[in-house]
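A short write-up of the structure that comes next.
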Amino acid sequence: MIAQKLSNIAWKMRPSNLLKRQNNYIIAILILTLFVIGTVRYVQVTLSSIEESIPLKVVEDSQAMTDILYNIHEITHNIAIARQVAGTEREEVIELIRGNLTDIHVLLTQKRVQYGFDNLIGTAAIYGVLGTALYDIQQWMQEGIGGLPPTSDVVLSTALGRAEEALEKAEELNDHSNDIAVTLLRDQANQVDVFRDAVLLVLLGLAGLAGVLIYYIYNRRVSEIALERSELKHRRIYENATEGIFQVYADGSLMDVNPALATFLGYSSSEDMKNTVSTLAADVYDNPDIALKHLMLLSKKQYLIDEIYQWKRKDGTMTWGAINAHGVFDDHGRLLYLEGTLTDMNDRVRGEVNLRKAKEMAELANRAKSEFLANMSHELRTPLNAIIGFSELLTSEAFGSLGHPNYKEYSSDIHGAGRHLLGLINDVLDVAKIEAGQLQLSERKIDLASVIQSCFRMLSVRALEAGVALVAEVPDKLPVFIGDETRIKQVIVNLVSNAVKFTNKGGSITVAVVIREDNGLDIRVTDTGIGIAEEDIPRVLDRFGQVQTSYARNNEGTGLGLTLVQMLADVHGATFTLESEVDVGTVCTLHFPPERTMRMAEANWNEISAAEGSEQGFQHIRLN
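Our numbering applies: residue 165 is where the sequence shown begins, and numbers increase by one.
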């Protein structure tokens with residue numbers, strides 16, 4: 165069927181056929197124009213001959229009766245035509261009849277006033293016979309008969325009989341009127357010119373109307389041709405689209421589908437799918453409840469946008485597709501049909517599934533790695549503790565002299581290397597615990613001043629060897645801080661020891677505690693070391709990341725120090741920031757939330773808000 169429609173449209177669109185059609189219109193216009201011109205000329209000649217034989221008033225009166233007869237004839241003719249057509253065409257003819265009736269009543273009224281006393285008998289006959297008949301026809305054309313509308317065959321048959329009677333009587337009256345007019349009204353010949361001009365104007369008006377109608381018909385046909393071209397164009401786009409397109413009636417039955425949709429759902433052609441599928445809900449939707457939901461949404465003038473579901477193919481297998489659809493409504497808001505597209509989403513769904521599997525495998529691999537590192541670290545710590553313990557005994561010569569002095573130096577080196585290796589293993593173990601979610605915080609009240617002093621004592625020897633000063637700046641009145649003291653020490657030790665490694669002799673490292681306006685607390689470690697370039701900061705914060713400088717290569721480490729600090733900050737609900745400038749120094753800050761210091765009643769620290777902006781005392785500790 166579609167192929168036949170396309171063939172018909174294509175045939176109509178052939179240039180030769182379009183040219184023939186245009187030529188027919190031109191010929192019709194020429195014939196009508198010649199007919200109008202001939203009619204006008206005929207009237208002129210006829211009127212001139214009448215003018216020569218009888219007075220103008222006689223011609224006018226005779227012409228008036230002729231016009232009445234003509235209009236009655238037109239009414240009779242149009243009623244006969246109306247019986248032969250139907251629908252809108254019948255309505256148009258009836259409307260034309262109504263216009264003719266109006267015209268003839270106007271003409272009768274005008275001529276009733278103009279007729280002289282001598283012709284009153286003829287005038288009475290006209291209104292007594294014709295007026296009544298025409299009034300009845302006019303009423304029937306407006307209101308019908310006995311409840312039947314004017315368009316019914318019964319009304320039209322009755323009106324036709326009455327019109328034929330009026331026409332016969334009008335012809336008799338016309339003959340009579342002509343006789344009387346010729347006899348009695350020869351002195352009214354001066355009215356012929358007026359009548360002639362009126363007739364000419366009517367004819368010219370008819371000619372103009374005919375021209376307008378012809379122009380309208382021509383333009384309408386041109387529009388139809390353009391529409392046919394547009395339909396052909398869109399049909400070709402519809403047929404050749406790579407995306408599935410459908411039109412569905414409100415009950416779910418198919419109106420039309422394009423070949424792409426049929427192929428997507430496993431049908432050989434569009435016709436095959438339309439003949440096979442009863443409704444979308446039964447044969448295409450996997451879940452009828454979803455089909456009902458979609459119908460309800462679309463009937464409320466809502467849209468379906470990229471709804472991804474599984475759809476049933478002809479062979480019963482399932483396929484993934486994304487539906488986009490909307491409803492088409494009439495002027496009264498009634499749902500006419502649904503239309504939309506169905507896009508193949510199998511590749512996308514497979515990609516998402518593969519991505520999800522890859523993510524799960526990566527998570528499993530990461531979890532396995534963390535567990536492996538945790539187990540390995542445990543296994544390594546046991547012999548390392550033994551090495552550290554025995555090397556410490558040898559260094560202290562607890563069981564007597566070692567003999568050669570070098571033995572004591574070697575045992576000290578073994579002890580230092582063991583302690584260093586144990587620290588690295590502990591870092592790896594802590595990172596693995598945090599990643600595996602196995603790190604449990606032992607939270608309690610912490611005196612940060614004491615914690616910082618303890619960290620300084622642990623690092624004092626290393627700082628003295630490096631020639632670096634350790635400075636603590638802690639307010640006299642600190643709120644109660646809640647956290648894991650061991651992990652807070654670990655964070656401070658990591659930051660300070662890292663700063664010691666990268667600070668030149670004569671530099672300083674400052675650990676400050678700052679109370680923020682929101683009652684949160686910051687622990688800030690500032691050094692005067694070599695600093696870090698801005699572009700290298702992300703690399704430093706990466707796990708196992710180190711900036712490859714000659715200075716850094718001389719300082720051993722795993723690159724986990726700052727990573728561990730970030731992780732321990734996260735488990736405390738804090739954030740970690742790093743700011744640095746080359747040859748100036750680095751500032752590392754831990755920003756703890758107010759929740760870590762909100763239990764301040766126990767410390768009786770209520771005057772902090774009142775003292776905001778005033779000078780506070782600091783515990784100032786300096787180790788050189």
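Each residue gets a CB set at the ideal place from its N, CA and C atoms; glycine is no exception.
Residue i - containing beta strand (DSSP E), residue span
i              : result
valine 753     : In the sequence as presented, valine is not what sits at residue 753; that position holds threonine. Element bounds for threonine 753: 749-756.
methionine 419 : 418-421
glutamine 303  : Careful: glutamine 303 lies outside any beta strand (DSSP E), inside the alpha helix (DSSP H) at 296-307.
histidine 496  : Run containing histidine 496: none; DSSP gives neither H nor E here.
asparagine 468 : Here residue 468 turns out to be leucine, not asparagine, going by the sequence shown. Here the beta strand (DSSP E) through leucine 468 covers 468-476.
proline 702    : Per DSSP, proline 702 belongs to no beta strand (DSSP E); it is in the alpha helix (DSSP H), 701-705.
alanine 636    : 633-639
alanine 676    : 672-679
threonine 739  : 739-745
arginine 760   : Note, arginine 760: premise wrong, no beta strand (DSSP E); not H, not E.
aspartate 682  : Taken as a continuous stretch (DSSP letters only), aspartate 682 belongs to no beta strand (DSSP E), as it is neither H nor E.
Residue j beta carbon less than 9 Å from that of residue i
i              : j                 : result
glutamine 227  : leucine 265       : no
threonine 315  : arginine 254      : yes
leucine 612    : phenylalanine 645 : yes
leucine 685    : valine 678        : yes
isoleucine 578 : isoleucine 551    : yes
arginine 512   : tryptophan 484    : yes
histidine 237  : leucine 364       : no
leucine 659    : valine 638        : no
serine 606     : aspartate 648     : yes
isoleucine 673 : valine 625        : no
methionine 437 : lysine 478        : yes
glycine 295    : leucine 272       : yes
leucine 459    : leucine 500       : no
asparagine 422 : alanine 445       : no
alanine 426    : serine 432        : yes
glutamate 407  : alanine 424       : yes
alanine 235    : aspartate 267     : Checking the sequence, you will find asparagine at residue 235 rather than alanine. Closer than 9 Å, so yes.
alanine 663    : aspartate 691     : yes
Alpha-carbon spacing of residue i relative to residue j, whole angstroms
i              : j                 : result
arginine 326   : alanine 297       : 6 Å
glycine 737    : phenylalanine 756 : 7 Å
leucine 260    : glycine 310       : 23 Å
glycine 308    : aspartate 300     : 10 Å
methionine 419 : threonine 481     : 24 Å
glutamate 256  : glutamine 306     : 13 Å
histidine 269  : isoleucine 232    : 9 Å
alanine 374    : serine 387        : 20 Å
alanine 371    : threonine 197     : 8 Å
isoleucine 610 : glutamine 730     : 20 Å
glutamine 208  : arginine 384      : 35 Å
leucine 284    : glutamine 274     : At leucine 284, the pLDDT of 48 sits below 50, so the modelled position is not reliable and the matter cannot be decided from this model.
threonine 739  : isoleucine 701    : 16 Å
glutamate 766  : proline 547       : For glutamate 766, the predicted structure reports a pLDDT of 43, less than 50, and the residue's modelled location is therefore unreliable. A value from the coordinates is still provided. Taking the straight line joining both Cα atoms gives about 45 Å.
glycine 430    : lysine 476        : 9 Å
glycine 693    : proline 758       : 31 Å
alanine 390    : isoleucine 381    : 14 Å
valine 318     : lysine 333        : 23 Å
valine 704     : leucine 603       : 24 Å
arginine 651   : leucine 732       : 7 Å
tyrosine 473   : threonine 440     : 21 Å
glutamine 392  : isoleucine 409    : What sits at residue 392 in the sequence shown is glutamate, not glutamine. Near 21 Å, if we compare the C-alpha coordinates of isoleucine 409 and glutamate 392.
serine 321     : valine 412        : 45 Å
isoleucine 245 : arginine 205      : 29 Å
alanine 455    : arginine 498      : 19 Å
glutamine 352  : aspartate 339     : With a pLDDT of only 47 at glutamine 352, under 50, the local geometry of the prediction cannot be trusted, and the value read off the model is given with reservation. The alpha-carbon atoms of glutamine 352 and aspartate 339 are separated by roughly 19 Å.
Residue i, enclosing alpha helix (DSSP H) - first and last residue
i            : result
serine 606   : Per DSSP, serine 606 belongs to no alpha helix (DSSP H) and is neither H nor E.
proline 650  : Per the sequence shown, residue 650 should be read as threonine rather than proline. From DSSP, the alpha helix (DSSP H) with threonine 650 extends over 649-665.
alanine 250  : Unbroken run through alanine 250: none, as it is neither H nor E.
arginine 626 : 612-630
Inter-stretch contact (C-beta, 8 Å, three-pair minimum) for the segment 385-399 and the segment 440-455: With fewer than three CB-CB distances shorter than 8 Å, the segment 385-399 does not count as touching the segment 440-455.
How do the segment 503-514 and the segment 482-495 stand: do at least 3 beta-carbon pairs fall below 8 Å, yes or no? These segments touch.
Please confirm if the segment 742-754 is in contact with the segment 620-635, defined as three or more CB-CB distances below 8 Å between the two stretches. Touching, no.
Taking 8 Å as the cut-off, does the segment 627-640 touch the segment 666-673 (at least 3 CB pairs, one atom from each stretch)? Cβ pair count under 8 Å is three or more, so yes.
Take every Cβ of the segment 456-474, pair it with every Cβ of the segment 491-500, and state whether three or more of those distances are shorter than 8 Å. The segment 456-474 is in contact with the segment 491-500.
Along the chain, which unbroken stretches of the beta strand (DSSP E) at least 3 residues long are found entirely within the segment 390-465? Runs of the beta strand (DSSP E) lying entirely within the segment 390-465 and spanning at least 3 residues, in chain order: 408-413, 418-421.
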